[in-house]
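Heads up: the structure comes next, in structure tokens.
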Amino acid sequence: MRRRIVSTLTLKAWRDVLAHKGQFISLIVLVSLGITSYVTFQNGYHDLAASLEQAYSTLRFADLTVRVERMPLSAARDIARIDGVAAARVRTVRDVGLELENGDQATARIVSTPGPSADVNAVHVEQGRFPAHDARDEVLLSPQFATDTKTRVGDRLVLRIGGERVAVRVVGIGTDPEYLYALQSEGDLPSPGSFAVVFVTERTVEHLLDTSGSGNDVAVRVKAGFDPARVADEVERRVRPYNPISTAMRDDMPGHVGLQSELDQNRLMARSMPALVLIISSMSLFIALSRLVQAQRGEIGLAKALGYGDGQILAHYLTIAAIVAIGGSALGVGLGLWGAQGIAASYVSLLGLPFLTSGFYPHVVAIAVGLAFVSCLAAAAVPAWSSARLAPAVAMHADPNRSLAGGRIPIAERLLSPVLPRSFTVRVPVRNVFRARRRSLYTVLGIAFAMVLSVTTVAMFDSIDHLMDKAFTEVERWDVMAAFSVPFGEARVAEVRRIAGVERVQKAFIMPVTLSARGTDKDVVLTAMAPDADFHGFTPAGGAAPFDALAAGDLVLSASTARQLGLVPGASVAVDSPLVDDPVLMRVGALSDEMLGQPAFVSLDAAAKLIGSQVTEYNALYLDADPRRAERIQDELYDMPGAASVQVKAGLVERLTSMLELMDFFGTVLLAFGSALAFVVVFTTFTANVTERTREIATMRTIGEDNAHLTIMITLENLLLALAALPLGIWLGVKATDALFASFTTESYTLKAYISPGSILRICLLMLLVLLLSEIPPVRRIFRLDLAEATKVME
Amino acid sequence: MPSDDLVVLRDVRKVYRMGDVEVQALHVRELTIRRGEFVAVLGPSGSGKTTLLNLVGGIDAPTSGQILFDGEDISGFSDRQLTLFRRENVGFVFQFFNLIPTLTAEENVRFAVDLASRDGVPPDRDPKALLAKVGLADRVSHFPKQLSGGEQQRVAVARALAKNPKLILGDEPTGNLDFRTGKLVLSALRDVNRDEGAAVVLVTHNMPLAAIADRVLHIRDGEIASVEINERPVAPEDVTW
């Protein structure tokens, strides 16, 4: 008997779904959107991670590199004999200037390599070929630079080495695992058009840089099961005769750090974005199912009066939720697997990985289906349980539609009364907003949640634009910046000052140092500068004013570095410089909130302790210059001996902006996804609104109200509710962006959520458009109402 | 000079199609409702009473036949024309009152007044006076939720009167009310019929209520089985059921 009752309820559940198929289809789509985003991002992330791993293993990526002054190539054999070393190779790595055929300037990193056959850091050739062993002017160019500058195989480049111009020919496009993601140094924003990696044979590097059988860097691959850090210690010991400058473990290498950062962001995105979509869809599902169950209170009361138990009724509504979950997860998994292929392929291409490894990850699908069931059952359980616990008489007689305030005109309407037209076309919507409070609340929440994903997408892009704008107007206060691999004195400064168009020259000495405090080490780039130099803008975050701290001989640290080392202003930190034997204890005078990287600053006078003598030579210049002559100035700077990198800020900004435009595709996809989600959520909400009021609307039509006025009334009511929902949606979206950024913030950059007034206006207009479109189906339903039937329905 | 006939039905059929099956809900060969007449429609459930009411009131269209209202054929009217027709000519009183929950009693009535004013001459009706006429002078500012079932139905009667209609249609208007309250509503309808001159068509399955009508139509299996004329209609107050 019991079995029969349950099966009848199951039949009813199925009939309920069929009877409200429009609403259920939208609920299924809502769930599927959450699941689609989860499967797409998670599968995409796993594919990306697998592709990266394949590239590293196939190309035999080094576990560590040690930079030295100069060591013979043959020393690699000695290092290769160290216990735990799988392979070692001495190479030359040096930054020089580069001029394209069209006259554009960039920085080129010359890296010597045997090519695809190398035991450590093998080169992957994408196009063309690797330079011939006996050629002296052939190079392999990194693909990101080649793509950005439209350089092709066969083109000629000019390398500017020590004031000399040397022409070379591009015979291939490709890279090694260290420069899959070509970054000049850690903390740099990727700027493919301004940094090239030029791979050359040993014979060519000897010709270009006169290395004569030596190199300045050793790359080491460690055997599986050995600790790379311990191997590094031994390698450092062996290269001591060659004046080691710095050691970079794989985790310190800029390209790897950049890729890992992208991968980490992708992983976070794969968690946070679906979580956001699932929260939105679950909230909307909760509201929609609540209303559905509320609307069936009479039936629930009847079922209870007939003898059905609370558990059976609960099971009935959970069955309905399960039907939604099954439909949503089937659709979502299918769409997600399809979307993941596109996402992985796009990312692999964007990041320049040479291989795409696609896989099927059963655990992702299992979790996705689990999430669909959990969110649907949770959304249905609360309203179903509360209804099941009602006394039958209450459930049967309670009027679910009359969630109205007491018997008075709402205060808001009384206040608005003098300005409101007398027409009921206006007064009825206003009255409905304030008197049907539960419906209004559900609608406001529905619209607000519907907006979150779109607002978050727009806010993410606005925040990046804002960061860029701030970085290049308030922080980087120079027009041209030049870095030199060979330090220079005042004579060079004076020479630069004489270049036409140069208005002001500020000098600095930049060096890598290791900060140590409380047992934690941190590698940072330290800039020694005059205390009154203003080429870098600080954002004070504690302690003295940064310029006062510099004048007092103290350090200025980025707030994130201080946090990582547990330092506060006034505390001491050990600074280990490659130019002196022992670490120097220095005081932290001020903190600065740095958006990009983790730079540290000290005065030129105080830097003397880290160099071992007074600073009389510099390796960086920051210029204020006439923008019209900036490229000419860059050209002249590259002609100077030791010029390694000359950046024109305007060009850098232009390249970064154009690179960010590539991301617009992802923004458009996310925004389209957000709009689709918003449409489904708002459609579900509006449909429920109209369904709840079928008899009221039918009555109005019966006594002579026309469709046009009814449409105006419904639209006006929805617009009034949207006015309340829009600020809430913007606020929720910005908060969600903040939460996303909190998880994305890395050592390289710190992001804070920002949305521009223009974007707020655009998103509001987009939402109003979505709202009006979502209204069409329920309004059409009103037009098609069977008045004779609808007016007889008992509420 | 206008004819005495307000509504004329000629060979009107209403057929519902359910899949491959056609069900004839109503077939009226000839029926005339005169101005100011009070007509009761009696019959068991499913006999076609409400279908007749819906066709006469313009909320449903006949499958075939002709319905003349004040001499004009409304059977071929478009949706828009039917809306205007209902707005100008017909007042409805439903079994479940069907008041707009967010409007007070006065506003519910005013809603219909405003509608009638929109396309033509205002009916010059004061909602408060109409409510007073149905005995609700002291309940004008109350919302439906604050009124009893009988009061709500009397508001519905006042609303039906608001546009000064030629025809008032009541579909089981006492079906959801107790005996005493039901009589109050019937009295209100009868008063409106006498004082305003509006024809009233009252659908009911409650036989004793027919005593208040001038004429009684008995419907069975979708056809008018018989017509009975009440020479001496009784006052609603004297009816018992």
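Heads up: the sequence lines are chains C and R, in that order.
Numbered by this note's numbering, the letters in the first sequence go through residues 1 to 795 in order.
Numbered by this note's numbering, the letters in the second sequence go through residues 1 to 241 in order.
Yeah, the Cβ is synthetic: ideal placement off N, Cα and C, and Gly gets one too.
Predicted model only: the values in this text are computed from it and were never measured.
request  = Compare the Cα-Cα distances from residue 796(C) to each of 224(C), 469(C), 485(C) and report the closest residue.
outcome  = Residue 796(C) lies beyond the range of chain C shown here (1 to 795); nothing can be said about it.
message = Can you find the residues in the same chain that come closer than 6 Å, C-beta to C-beta, to residue 456(C), ignoring five residues on each side of it along the sequence?
response = 733, 736, 737
request  = With DSSP as the reference, label residue 404(C) as helix, strand or coil.
outcome  = Bear in mind that the predicted position of residue 404(C) carries a pLDDT of just 44, short of 50, making it too unreliable to give a figure here.
task = Note the first and the last residue of the continuous beta strand (DSSP E) segment covering residue 127(C).
result = Its beta strand (DSSP E) spans residues 124-128.
CA nearest to the CA of residue 171(C), picked from 142(C), 195(C), 561(C) = Nearest of 142(C), 195(C), 561(C) to residue 171(C), Cα basis: 142(C).
inquiry  = So the candidates are 228(R), 159(R), 164(R), 197(R); which of them puts its Cα closest to the Cα of residue 88(R)?
reply    = 164(R)
ask   = When the Cα of residue 156(C) is compared with those of 373(C), 583(C), 137(C), 164(C), which residue comes out closest?
value = Looking from the CA of residue 156(C), the closest CA among 373(C), 583(C), 137(C), 164(C) belongs to 137(C).
When 300(C), 598(C), 254(C) are compared against residue 16(C), the one with the closest alpha-carbon = Nearest to residue 16(C) by C-alpha distance, out of 300(C), 598(C), 254(C), is 300(C).
task = Any chance you could list the alpha helix (DSSP H) runs of at least 4 consecutive residues sitting entirely within the region 65-110 of chain C, in chain order?
result = 75-80
Residues bridged to residue 228(R) [DSSP beta-bridge criterion] = 216(R)
request  = Can you say whether residue 113(C) is buried or exposed, counting buried as having 16 or more other CB atoms within 10 angstroms of its CB?
outcome  = buried
key: Exposure of residue 207(R), with buried meaning 16 or more beta-carbon neighbours within 10 Å   = exposed
message = Counting only Cβ pairs nearer than 8 Å, list the residues of chain R close to residue 432(C).
response = 102
request  = Give the interface partners of residue 424(C) over in chain R, defined as CB-CB distance under 7 Å, in chain order.
outcome  = Think of a sphere of 7 Å around the beta carbon of residue 424(C): the chain R residues whose beta carbon falls inside it are 111, 114, in chain order.
request  = Ignore the nearest five residues each way along the sequence and tell me which others in residue 10(C)'s own chain have a CB closer than 8 Å to its CB.
outcome  = Around residue 10(C): 316, 319.
ask   = Can you name the residues that DSSP bridges to residue 521(C)?
value = 516(C)
message = For residue 59(R), would you say it is in contact with chain C, using Cβ-to-Cβ distances shorter than 9 Å as the test?
response = Chain C, which has a Cβ nearer than 9 Å to the Cβ of residue 59(R), makes this yes.
task = Mind checking which residues open and close the alpha helix (DSSP H) that includes residue 690(C)?
result = From DSSP, the alpha helix (DSSP H) with residue 690(C) extends over 664-692.
ask   = residue 298(C) CB to nearest chain D CB: under 9 Å?
value = Reference to chain D is not applicable here, since the protein chains of this structure are C and R.
query = DSSP state of residue 163(C), grouped into three classes?
reply = coil
inquiry  = Could you check whether residue 637(C) and residue 194(C) sit closer than 9 Å to each other, using their CB atoms as the reference points?
reply    = no
message = Contact criterion: CB-CB distance below 9 Å. Does residue 70(R) meet it with respect to chain C?
response = No, residue 70(R) does not count as interfacial toward chain C.
ask   = Just to confirm, are residue 434(C) and residue 440(C) a CB contact at a threshold of 9 Å?
value = Yes, these two residues count as a Cβ contact at 9 Å.
task = Please confirm if residue 706(C) has its CB atom under 9 Å from at least one CB of chain R.
result = yes
ask   = Which residue from 151(C), 628(C), 518(C), 227(C) puts its Cα closest to that of residue 173(C)?
value = 151(C)
query = Would you say the region 2-19 of chain R touches the region 49-61 of chain R, given that touching needs at least three Cβ pairs under 8 Å?
reply = Yes, they touch.
key: Closer than 9 Å to chain C by CB, residue 166(R)   = no
ask   = With DSSP run on the structure shown, which of helix, strand or coil describes residue 558(C)?
value = strand
ask   = the region 162-190 of chain R: which residues have C-beta closer than 8 Å to a C-beta of chain C, in chain order?
value = 163, 171
query = Unbroken beta strand (DSSP E) runs of length 3 or more, entirely within the region 414-463 of chain C: which are they?
reply = You should have found no qualifying run.
request  = Over the uninterrupted beta strand (DSSP E) stretch that includes residue 134(R), give me the two end residues.
outcome  = Careful: residue 134(R) lies outside any beta strand (DSSP E) and carries neither H nor E.
key: Among 486(C), 478(C), 575(C), 649(C), the one whose alpha carbon lies nearest that of residue 512(C)   = The shortest C-alpha separation from residue 512(C) is found at 575(C).
request  = Mind checking which residues open and close the beta strand (DSSP E) that includes residue 207(R)?
outcome  = Counting along the chain, residue 207(R) falls outside any beta strand (DSSP E), and DSSP gives it neither H nor E.
request  = Decide if the region 621-641 of chain C is in contact with the region 478-490 of chain C; the criterion is three or more beta carbon pairs, one per stretch, under 8 Å apart.
outcome  = yes
ask   = What do you get for residue 399(C), buried or exposed, if any count of 16 or more other CB atoms within 10 angstroms of its CB means buried?
value = Because the pLDDT of residue 399(C) is 49, which lies under 50, any placement of that residue in the model is unreliable, and the number read from its coordinates should be weighed accordingly. Exposed is the call here.
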